[in-house]
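A.B. asks:
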Ligand code: ACO
């Protein structure tokens, strides 16, 4: 009798129509395309329309992922949204997505781990499936960071964008063996690895909230400190994930990191000894979409034919908290 595990059976994403370029930003701030591209690799970002909520972006991404899987919303037992820009203080954005999808059964809740939110949500859904509590899960990363940026702070507002991405997971039997041991090519989520350290709250936070200021607040960040932690944590959690599966970094077909900054991605790739072409980078066109960045990048790389069935894919992220984590999957 083989243990149950979670297979990835659908993928989808959504970006708001409006594109804000670096040149657009340079018209309203003391910044330039050259500075933004050189320091971050970002060329443009998408911005949600007035009235367009995180749940709208999330619902579009989920609809596309479910259509890709060929699964109706009525089959979904569990819907998790990773977000730090919820529609409201409560209820959870996930419940609004559930309503927008026409779902009247199953459980829906949010996971808040900032830029690591998608990996934390994926790990949660994977655990529900492994425990036999869920058969079909939709895991979404969705954000409208444009709503929490201080648009007068050139050190932060140029870095972020809005968007959403989703995966559909389905329970399957089989496996439970390390990924490549004895030639096992089991598809699905192989392992997840989550970490948090609240001592670093002050290097990346929002200066508002219901129980502190009763305001929504704006994102505040010590860029250099975040940069340093991001590189170290993304390197260590990648090593942890491959070691846990008795693999080596050279076994990976693709690494899909959280898209914060191209210099962070390049530095992580160099330290891990990964060829640049095996690292999926979409930060140039999406900017940093926090919890949405990994599923958005997955959908791009799946759509352009890079990620194929059977490929070994490492997803990894770091975000405010600090939180960081990885999920290793065979697509
Ligand atoms: N345009 C022009 N000049 C700018 C801008 C801008 N948009 N922003 C800052 N500057 C100026 C600063 O004022 C400073 O000027 P000064 O020397 O006259 O004081 C100069 O550029 C250098 O500023 P630094 O903050 O030292 O620049 P740095 O090289 O550290 O780059 C950056 C800043 C891009 C934010 C970098 O620290 C970084 O990428 N950090 C990682 C943070 C990150 O990616 N966060 C995303 C959220 S966290 C996450 O997703 C994991």
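Numbering (my numbering), first residue to last: 164 to 494.
Glycine included, every Cβ here is placed at the ideal spot set by N, Cα and C.
Model, not experiment: these values are computed from the prediction.
Specify whether the region 199-213 and the region 238-247 touch according to this definition: at least 3 beta carbon pairs, one from each stretch, less than 8 Å apart.
C.D. replies: No, because fewer than three Cβ pairs between the region 199-213 and the region 238-247 fall closer than 8 Å, the two stretches do not touch.
A.B. asks: Taking DSSP as the reference, what is the three-state secondary structure of residue 454?
C.D. replies: Residue 454 falls in the helix class under three-state DSSP.
A.B. asks: I'd like to know whether the C-beta atoms of residue 427 and residue 330 end up nearer to each other than 9 Å.
C.D. replies: Result no, Cβ atoms of residue 427 and residue 330 do not sit closer than 9 Å.
A.B. asks: If you check the beta carbons only, do residue 178 and residue 325 fall under 9 Å apart?
C.D. replies: Yes, the Cβ-Cβ distance between residue 178 and residue 325 is below 9 Å.
A.B. asks: Going by other Cβ atoms of all chains shown within 10 Å of its Cβ, with 16 needed for buried, is residue 339 buried or exposed?
C.D. replies: Unreliable placement is indicated for residue 339, whose pLDDT of 48 sits below 50; no coordinate value is reported for it.
A.B. asks: Comparing C-alpha positions only, which one of 410, 327, 418, 297 sits nearest to residue 305?
C.D. replies: The shortest C-alpha separation from residue 305 is found at 327.
A.B. asks: Should residue 396 go down as buried or exposed, given a rule of 16 or more other Cβ atoms within 10 Å for buried?
C.D. replies: Per the 10 Å Cβ criterion, buried.
A.B. asks: Where residue 233 and residue 376 are concerned, what is the direct C-alpha to C-alpha distance, given to the nearest angstrom?
C.D. replies: Taking the straight line joining both Cα atoms gives about 45 Å.
A.B. asks: Could you pull out every residue in the same chain whose Cβ sits closer than 7 Å to the Cβ of residue 211, ignoring the five residues on either side in sequence?
C.D. replies: Closer than 7 Å at Cβ, skipping near neighbours: 179, 220, 307, 309, 325.
A.B. asks: Mind checking which residues open and close the alpha helix (DSSP H) that includes residue 427?
C.D. replies: It spans 425-435 - the alpha helix (DSSP H) in which residue 427 sits, taken as one unbroken run.
A.B. asks: Would you say the beta carbon of residue 216 comes nearer than 8 Å to a heavy atom of the ligand ACO?
C.D. replies: No - the ligand ACO has no heavy atom lying nearer than 8 Å to the Cβ of residue 216.
A.B. asks: With a CB to CB cut of under 6 Å and the five nearest residues on each side skipped, what residues in its chain are close to residue 240?
C.D. replies: The residues are 269, 297, 298, 299.
A.B. asks: Looking at residue 217 and residue 267, is the spacing between their C-beta atoms short of 9 Å?
C.D. replies: Their beta carbons are not under 9 Å apart, which means residue 267 does not touch residue 217 by this criterion.
A.B. asks: Can you give the beta carbon distance from residue 350 to residue 493, rounded, assuming they're within the 8 Å contact cut?
C.D. replies: With 8 Å as the limit, residue 350 and residue 493 qualify as a contact, their Cβ atoms being about 5 Å apart.
A.B. asks: Taking residue 441 as the reference, which of 451, 429, 447, 291 has the closest Cα?
C.D. replies: The residue with the shortest Cα to Cα distance from residue 441 is 429.
A.B. asks: Let me make sure I understand the geometry here. Which of 386, 468, 415, 250 has the alpha-carbon closest to that of residue 379?
C.D. replies: Comparing Cα positions, the closest option is 250.
A.B. asks: Under a three-way DSSP split, which group does residue 321 fall into?
C.D. replies: Residue 321: coil per DSSP, three-state reduction.
A.B. asks: So, are the CB atoms of residue 400 and residue 358 less than 9 Å apart?
C.D. replies: It is a contact, given that the beta carbons lie within the stated cut-off.
A.B. asks: Apart from the five residues just before and just after residue 236, which ones in its own chain have a Cβ nearer than 7 Å to its Cβ?
C.D. replies: So the qualifying residues of the chain are 229, 264, 265, 266.
A.B. asks: How is residue 373 classed by DSSP in three states: helix, strand or coil?
C.D. replies: DSSP places residue 373 in coil when its eight states are reduced to three.
A.B. asks: Return the chain-ordered list of same chain residues with a C-beta closer than 6 Å to the C-beta of residue 345, the five sequence neighbours on each side being excluded.
C.D. replies: Bear in mind that the predicted position of residue 345 carries a pLDDT of just 39, short of 50, making it too unreliable to give a figure here.
A.B. asks: Restricting to Cα atoms, I'd like to know which of 366, 388, 169, 374 is closest to residue 382.
C.D. replies: Of the candidates 366, 388, 169, 374, the one whose C-alpha sits nearest the C-alpha of residue 382 is 366.
A.B. asks: DSSP state of residue 311, grouped into three classes?
C.D. replies: Residue 311 falls in the coil class under three-state DSSP.
A.B. asks: Quick one: what does DSSP say residue 461 is sitting in, helix, strand or coil?
C.D. replies: Residue state, collapsed to three classes: helix.
A.B. asks: Is residue 246 near the ligand ADP, in the sense that its beta carbon is under 8 Å from a heavy atom of that ligand?
C.D. replies: Summarising the ligand content, the structure contains the ligand ACO and does not contain the ligand ADP.
A.B. asks: Taking the alpha-carbon positions, what's the residue 254 to residue 477 distance?
C.D. replies: Their Cα atoms are separated by approximately 32 Å.
A.B. asks: Using the DSSP secondary-structure output, state which residues sit across from residue 272 in a beta bridge.
C.D. replies: Answer is 243.
A.B. asks: Spatial neighbours of residue 405 within its chain, please: C-beta separation below 8 Å, excluding the five flanking residues on both sides.
C.D. replies: Contacts found: 411, 412, 414, 415, 477, 491.
A.B. asks: I'd like the span of the alpha helix (DSSP H) that includes residue 203, first residue to last.
C.D. replies: Where residue 203 is concerned, the enclosing alpha helix (DSSP H) stretches over 196-203.
A.B. asks: Report all residues from its chain with a CB closer than 8 Å to the CB of residue 183; omit the five preceding and five following residues, and keep chain order.
C.D. replies: Counting only Cβ-Cβ distances below 8 Å, and skipping sequence neighbours, we find 207, 208, 209, 210, 324.
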